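Read through the structure below, which is laid out as structure tokens, and then see the notes.
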Amino acid sequence: MKIYIILFFLAMVSKTGIETPDFNIIKKFKDFELRDYGSIIIATTTMETDFSQSNSIGFQRVASYIFGGNDKNMKIEMTAPVMTSFNSLNKNKQQISFVMPKKHNLSTLPLSKRKDVTIKEKELGVVAVISFGGWATEEKANKYIKKLKILMENENLKTSNEIIIAQYNSPWIIPPFRKNEILIPLYKNIK
Numbered sequence: 000m001k002i003y004i005i006l007f008f009l010a011m012v013s014k015t016g017i018e019t020p021d022f023n024i025i026k027k028f029k030d031f032e033l034r035d036y037g038s039i040i041i042a043t044t045t046m047e048t049d050f051s052q053s054n055s056i057g058f059q060r061v062a063s064y065i066f067g068g069n070d071k072n073m074k075i076e077m078t079a080p081v082m083t084s085f086n087s088l089n090k091n092k093q094q095i096s097f098v099m100p101k102k103h104n105l106s107t108l109p110l111s112k113r114k115d116v117t118i119k120e121k122e123l124g125v126v127a128v129i130s131f132g133g134w135a136t137e138e139k140a141n142k143y144i145k146k147l148k149i150l151m152e153n154e155n156l157k158t159s160n161e162i163i164i165a166q167y168n169s170p171w172i173i174p175p176f177r178k179n180e181i182l183i184p185l186y187k188n189i190k
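Numbering that gives the first Met the number 0 puts the first residue of the sequence shown at 0, with every later residue one more than the last.
Here it is as structure tokens:
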């Protein structure tokens with residue numbers, strides 16, 4: 000019984016106190032949903048290596064920015080999710096990004112001391128989203144990317160080439176309580 004109480008407590012701690020981006024649910028399907036995020040501000044770095052190294056090294060780069068590695072030595076609150084995004088045509092070039100707190104805009108955020116970390120606005124727009132638990136390994140993420148693409152195809156939704164893996168939890172949260180998502184922006188027909 001004690002183990003269940005501890006696990007429940009850990010689950011509750013893992014879900015509180017971290018800001019996440021706002022979105023509107025456009026439509027819920029059986030296994031996924033469409034959301035509109037509009038735009039967000041991110042601190043981001045680009046990595047050209049494998050998934051695991053990109054996440055580890057990229058996280059450290061962007062974390063240095065929010066922990067004061069910027070021109071104002073300002074500490075910036077951690078938010079969720081940490082996003083790994085890439086073009087499905089080039090999986091070895093990935094962007095690791097932290098979403099900036101909503102209270103900030105581009106003019107209130109400091110510049111990074113690192114040349115490989117930039118602050119920018121990202122138009123997420125309408126995305127298809129599927130959730131999964133556990134660790135967001137490359138193998139597991141690929142499984143859910145494939146599943147989401149099939150589900151979207153079944154609903155006649157055109158995908159863009161961008162894939163986003165969103166990880167919501169700190170590393171010490173155990174797998175049964177971890178939340179991850181795959182986001183695939185809908186294809187934008189620009190005229």
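For each residue, glycine too, the CB sits at the ideal point set by N, CA and C.
Small disclaimer: the values here were computed from a predicted structure and weren't measured.
Residue i to residue j span [Cα, whole Å]
i, j, result
"residue 16", "residue 61", "20 Å"
"residue 77", "residue 22", "19 Å"
"residue 185", "residue 128", "11 Å"
"residue 53", "residue 39", "22 Å"
"residue 57", "residue 153", "34 Å"
"residue 18", "residue 165", "14 Å"
"residue 182", "residue 162", "6 Å"
"residue 65", "residue 75", "5 Å"
"residue 3", "residue 168", "Bear in mind that the predicted position of residue 3 carries a pLDDT of just 44, short of 50, making it too unreliable to give a figure here."
"residue 102", "residue 172", "27 Å"
"residue 125", "residue 114", "30 Å"
"residue 42", "residue 29", "33 Å"
"residue 143", "residue 55", "21 Å"
Segment limits, alpha helix (DSSP H) that includes residue i
i, result
"residue 169", "First-last for residue 169: undefined, no H or E at that position."
"residue 55", "50-65"
For residue i, the residue or residues it bridges with in DSSP
i, result
"residue 38", "122"
"residue 46", "93"
"residue 162", "85"
"residue 33", "26, 127"
"residue 18", "78"
"residue 69", "111"
Residue span of the beta strand (DSSP E) that contains residue i, given as start and end
i, result
"residue 182", "179-184"
"residue 24", "23-27"
Do the segment 117-135 and the segment 175-185 meet, that is, are 3 or more Cβ pairs less than 8 Å apart?
yes
Restricting to runs no shorter than 3 residues, where is the beta strand (DSSP E) found entirely within the segment 71-139?
81-86, 89-98, 117-122, 125-131
Touching or not, the segment 81-101 and the segment 31-47, by the rule of three or more beta carbon pairs under 8 Å?
yes
Would you call the segment 65-82 and the segment 110-119 in contact, with 3 or more CB pairs under 8 Å?
yes
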